[in-house]
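Engineer:
Residue numbers (our numbering): 127 to 428.
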């Protein structure tokens, strides 16, 4: 996130800044909103503002109020194919439903072989050696892997045909598999062609049947009129609160002590700063009166 001349990001992300462009929701100094592909650079001079560049190399640091990055899944009203946007997801649990045996079986192997992620998202199965499928890339007993797959609802397919989603096949030292797509919690923001701001939230638990896929999240916001969509976060138990009413958009997630929050504050541009602060403070008081189970996701226009 870029705010007030400062870039806020995790330490690991600092190593990627020089070579990476981030799809970002931008608020310009004149109040306009747009989604741009941006490159961020930390200032080397103490006290100097950090820098934001467009793909054309233009420095827009002094022209914008803030920017927040995400994974772009809809552009010009058209879905971005999953194999293209998949490299923006470090946590592959947002894309695939992995069988578990104390760890996600296949996660590490796919993380190290990103071309296989794109292959899976194109609907084609992959092969994983049993001697590299363990939690740290070590060997696992094939029968333990098969038992975990069955427990997660995967089906062993007969030989001689293409694997379908949720199917696997064992042959020698290799596991052939087409992982199921993950249904997850997603918080999404977007813009209409007129520049109006939209947002939505989907409950989920990272299980096969609770939540939505990345494409389903984008499609929902598209139906609301969005032509550009970013996924900005993934909470484990989300509920949107819109003007005082809790909205249940996806299947109910299991009760959980964890929560996430996305707060969208849409101000009337004619309000003074003090008026905005007063409205925001009243909103915070409203939120504090909610029970913990209703604070999964809090979003309200003020």
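Even glycine gets a Cβ: it sits at the ideal position worked out from N, Cα and C.
Between the Cα of residue 318 and those of 192, 130, 203, spot the shortest distance and give me the residue it belongs to.
Structural biologist: 203
Engineer: To the nearest angstrom, report how far apart residue 361 and residue 313 are at their CA atoms.
Structural biologist: A caution first: residue 361 carries a pLDDT of 48, below 50, which makes its placement in the model too unreliable to give a value.
Engineer: Could you check whether the Cβ of residue 187 sits closer than 8 Å to any Cβ belonging to chain D?
Structural biologist: Reference to chain D is not applicable here, since this structure consists of a single protein chain.
Engineer: On the DSSP bridge assignment, give the partners of residue 295 in chain order.
Structural biologist: 302
Engineer: Please state the DSSP three-state secondary structure of residue 317.
Structural biologist: strand
Engineer: Identify whether residue 268 lies in helix, strand or coil by the three-state DSSP scheme.
Structural biologist: helix
Engineer: By a C-beta neighbour count over all protein chains shown, 10 Å radius and 16 as the cutoff for buried, is residue 307 buried or exposed?
Structural biologist: By the 10 Å Cβ count, residue 307 comes out buried.
Engineer: Helix, strand or coil for residue 362? Go by DSSP, reduced to three states.
Structural biologist: The pLDDT assigned to residue 362 is 42, lower than 50, so where the model puts this residue is not dependable; a value taken from the coordinates is nonetheless given after this. Residue 362 carries a coil assignment under DSSP once its states are collapsed to helix, strand and coil.
Engineer: What residue ranges within the region 130-187 form continuous beta strand (DSSP E) runs of no fewer than 3 residues, ordered along the chain?
Structural biologist: 148-154, 159-167, 177-180
Engineer: Starting from residue 259, trace the beta strand (DSSP E) in both directions and tell me its first and last residue.
Structural biologist: Judged by DSSP secondary structure, residue 259 falls outside any beta strand (DSSP E); it is assigned neither H nor E.
Engineer: Considering only their Cβ atoms, is the gap separating residue 187 from residue 177 smaller than 8 Å?
Structural biologist: With a cutoff of 8 Å on beta-carbon distance, residue 177 and residue 187 are scored as near each other.
Engineer: Residue 277 and residue 205 - do their beta-carbons sit closer together than 8 Å?
Structural biologist: Not in contact: residue 205 and residue 277 (Cβ atoms no closer than 8 Å).
Engineer: Would you mind sorting residue 240 into buried or exposed? The rule is 16 or more other CB atoms within 10 Å of its CB.
Structural biologist: Residue 240 is exposed by the Cβ-count criterion.
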